[in-house]
Amino acid sequence: MVQRKAIAALVSIGRIGEPEEVAYVVSLLLSDEPHMYHNLSILLITV
């Protein structure tokens, strides 16, 4: 649990994303819908 808290402290939202949130980001990036991102960073750490 200490490791998860240390990782959460590294991200601006202050928590680790849930599996559903990660799946949403992946589906958004793979979709054919037009989208534009500027300075997008996705940090994916498996624990």
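Numbering (full-length UniProt numbering) for the sequence shown: 1 to 47.
Using N, Cα and C, we set each Cβ at its ideal position, and we do this for glycine too.
Straight across, the Cα-Cα distance linking K5 with E33 is about 35 Å. Cβ atoms of A23 and I16 stay farther apart than 8 Å, at about 14 Å.
Nearest to V25 by C-alpha distance, out of V11, S41 and G14, is S41. Cβ-Cβ distances below 8 Å link L10 to L43 in the same chain, with the five nearest sequence neighbours on each side left out; the list follows chain order.
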